[in-house]
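Residue numbers (our numbering): 371 to 1087. Where is the CB? At the ideal position from N, CA and C, for every residue including glycine. The block underneath contains the structure these notes are about, expressed in structure tokens.
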Amino acid sequence: MNRMLLAFSLMVCVIKLNAKDYYVSKDGADTNNGEESTPFLSISKAASLMVAGDRCIIKEGVYRETLSPAKSGSEGAPITFMAYEQDTVIVSATETINDWSQHNGNIYKATVDMPLGIERNMLYANSRSMDMARWPNNVDGNAFTIDAEPVDNGSGGHIERNGLPNHNWSGGYIWYLGAHSGASWTRKVTSSSSNRIDFEAVDVNKWPFNPHNPTVFRNGNRGRFYLFGKLEALDIEKEWYADLASKTLYFYAPGGVSPNTMQTEYTAREESIELNQDYIVIDGLHTFGGMVKVAGDHCQLKNCVIRYGLTGLDELDNTDAQMPIGSVTVEGSYNLIEHNLIEYGSGNGIAMLYAWKGSTNNTVHNNIIRYVNTIGIHSNGIRSSTPYSTITNNTIYGCGRDGIYLSGTNGLIAYNDVYDCMRINNDGGVFYTVGNANDKNTVIHHNWFHDSEGPDYADGRAAGIYLDNHSKGYLVHHNMVWNVTWTGIQINWDNWNIDIYNNSIYKVEGAMGRWENGYTIDDLVIANNYASEGEWIGTDIRSNIVNAESPFISYTEMNFVPKATSSLIDAGIEIEGITDGFKGQKPDVGAYESGGESWVAGADWQAAEAPVEEEEEPEEEEEVPVLGLDENDNSAITIAPNPIGNQIKVYLEPGLSGDFQFNLYSLDGRLLLSEQSKVAPGSQNLNLNASWLGKGMYVLKIDSQVTSTVVRRIVKN
């Protein structure tokens, strides 16, 4: 051991010996000394005292403050904030509202000073976000079905639509999604009439407003819009309006009851956790209603639940169709975001977009991220432009646009399970990037990208892997892409120095696609790939297979290893660093090697679904598993075909019989169907009526006395 290392080790030992534990409890006091028997009342008190090596141990309760350490930890001796044992600790960016009075009918009002302005204000009732008063109303309660009106005509400064409500919309806002449907924008209304809305004009000659503006007619329409931000629009339950000038909040509570009968709270602080120091660990905390900002270096956010981290509107003067923040916003370097549930947000789940600040080398690993980007802009489950981003083993689903976006250099995207994307936007991908003149030197390997479709008001372009305009310098190998409504791999404009090896693409419109637009491709190598249909596009195309017949052991059971009779076996070529360790005489074509590793993508844990539509918690809430792999490898019960038609056909292994319980859930955890069936010996086929189901993805749970719980993903096209 050299002298420098010895000195460092001795220093760490001294710090650890002097480290102190501070306790925080809702029955404590900040005049106490912070010991377990005499804890502090606030996290802020402990944070103001802590130095390298100290821990803050927080007991059960809701702490309405911003967790922000005053000092940095050090290497080997971080400052740690953690939950006490199994306690649920919620750091909330909200404050409660306790004094509502009746305004008119079912509409109540309260005096509230909402400090964050129109863009970041939000009202919650019983821990669920409510809707800003709007027209047309959000009648289905689903933020991803945008409930918007089509535009008849318009320009960069107005839209025309007959039959507008007879309100003065001046001072309110318009949300607009163009016919191209790639991104939305929001602007303030300047005047209105019964058939026209004027707003602060956008430049239709510049991206993103070209092609996203009312002068563009595409897919049979000129876009769609809704209006909000006026008291006159408050007309159904779950809607609210804030008059910021008079500090008056108006609310039509769920069920039309008095809001005094439920917990209501508003966003009072933009951040729930703000880490401006280095070497800070946040372990096992919950946050509500505010961002987690990681501006320091060498910090860790792990085992946390981040709920409604970023809610509100798009930037009202947005000219780039994206926002630099998310429920978790990472501005520093060498940080780790690991094993967190990040759910519900109007923008990004995790944002790492501060390359211009020098942010680099951040890792996002083993998280579940869901239900993000209800605005419908270029926001994603994970969005990064910083160099050396490592994004691995995450499960991401329920996204308004793409699941993962990475445009920084030297990135790694591996073993992620991403699906149910493009709920609002069109012309995107489950993975998406856009390039420039530079090689990105980024590797995308061993991911599942699947089960996504563009909206029905556009032309349904949801690609699996989308290397958009001028993407250069990518190695794409061993990815499994299936059941998307566009191409498996899409490339546009100049595409150079790209190697695409050993990917499997199944049930898509085509293997690859390209919009040339007068540009070129160069050093684009396509080898050892399988697709069920389509063509390969490249400068060097070798040993690829297109065959509509399924080559897998079981597509319906997500076993994508080639079956014994598959044409993929021994059909590939050797590629150094890609096919090393292959079995048989030659490498197999596609993402899986027969006899090799049957790899699995996504997080290695599951999170219970929160039933977002229920206003009152059930007495006993059933845990609904996250979509992904089966809960167990029970091949005795199968669903085929899947995607389904008007029936869900359940096939039982011979010998199975008895009473079976079938529960069908939506992605947000709502129970849609509960049916019992008695299966006699020899009756190996059951049919459940699915004609009433809309297009989309569902979860089917099957229980019986002779089998453990079986979970299957159901897709209806």
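When rounded, the separation of the alpha-carbon atoms in Leu671 and Asp653 is 6 Å. Cα atoms of Ala725 and His748: separation of roughly 17 Å, rounded to the nearest angstrom.
Here Ile606 has Asn507 as same chain residues with Cβ atoms under 6 Å from its own Cβ, once five neighbours each way along the sequence are excluded.
Cβ neighbours of Leu601 within its own chain (closer than 8 Å, five residues either side excluded): Ala503, Tyr611, Asp613 and Tyr620. A distance below 6 Å between beta-carbons, with the five flanking residues on each side excluded, links Gly965 to the following residues of its chain, in chain order: Lys953.
Asn867 sits close to Lys842, with the two beta carbons spaced by under 9 Å. Within the stretch 500-577, not a single complete alpha helix (DSSP H) segment reaches 4 residues in length. With 16 or more other CB atoms across the displayed protein chains lying within 10 angstroms of its CB, Leu493 is buried. Nearest to Arg434 by alpha-carbon distance, out of Tyr546, Asn403, Leu411 and Thr699, is Leu411. Judged by their CB atoms, Asn731 and Gly770 are not nearer to each other than the 9 Å cut-off. Going by DSSP, Ser414 is part of no beta strand (DSSP E) but of the alpha helix (DSSP H) stretching over Ile413 to Leu419. Under DSSP, Ala721 forms a beta bridge with Thr699 and Arg753. Taking every protein chain shown into account, the CB of Leu680 has 16 or more other CB atoms within 10 angstroms, so this residue is buried. Partner residues in a beta bridge of Gln955, as assigned by DSSP, do not exist. Every beta strand (DSSP E) of 3 residues or more that sits fully in the stretch 634-691 is shown, in chain order, as 634-637, 641-645, 650-653, 656-658, 661-664, 670-672 and 675-677. Within its own chain, the residues whose Cβ lies closer than 8 Å to the Cβ of Ser471, once the five positions on either side in sequence are excluded, are Tyr478, Lys479 and Ala480, listed in chain order.
DSSP, reduced to helix, strand and coil, places Ile488 within a helical segment of the structure shown. Rounded to the nearest whole angstrom, the C-alpha separation of Lys1071 and Arg1082 is 7 Å. Straight-line measurement puts the Cα of Ser554 at about 28 Å from the Cα of Ala615.
Looking at the DSSP output, His815 bridges to Ala784 and His847.
Its Cα nearest to that of Gly599, the residue Lys558 stands out among Tyr876, His582, Lys558 and Asp821.
Per the coordinates, the alpha-carbon of Lys390 lies some 6 Å from the alpha-carbon of Arg425. Relative to the Cα of Met1067, the nearest Cα in the group Arg793, Leu486, Gly443 and Ala513 belongs to Arg793. Rounded to the nearest angstrom, the Cβ distance from Asn1057 to Gln1031 is 16 Å, too far for a contact under 8 Å. Looking at the DSSP output, Glu713 bridges to Arg677 and Arg740. The way I'd put it, the stretch 714-723 does touch the stretch 687-701; three or more beta-carbon pairs between them come closer than 8 Å.
Our two residues, Leu1034 and Leu1043, have alpha carbons roughly 5 Å apart in a direct line.
Ala973 is not a Cβ neighbour of Ile712, given a cutoff of 9 Å. According to the DSSP secondary-structure assignment, Val394 is paired through a beta bridge with Phe410 and Ile428. Gly542 and Phe514 have their C-alpha atoms some 22 Å from each other.
Residue range Thr765 to Cys769 is occupied by the beta strand (DSSP E) that includes Tyr767. Membership of Gln1046 in the beta strand (DSSP E) is indicated by the continuous run Leu1041 to Val1049. Counting along the chain, no beta strand (DSSP E) covers Met792, and no H or E run does either. The three-state secondary structure of Ala447, taken from DSSP, is strand. Around Ala833, the same chain offers Gly799, Trp856, Thr857 and Gln860 as residues with beta carbons nearer than 6 Å, after the five sequence neighbours per side are excluded. The Cβ-Cβ distance between Trp545 and Leu597 falls below 9 Å.
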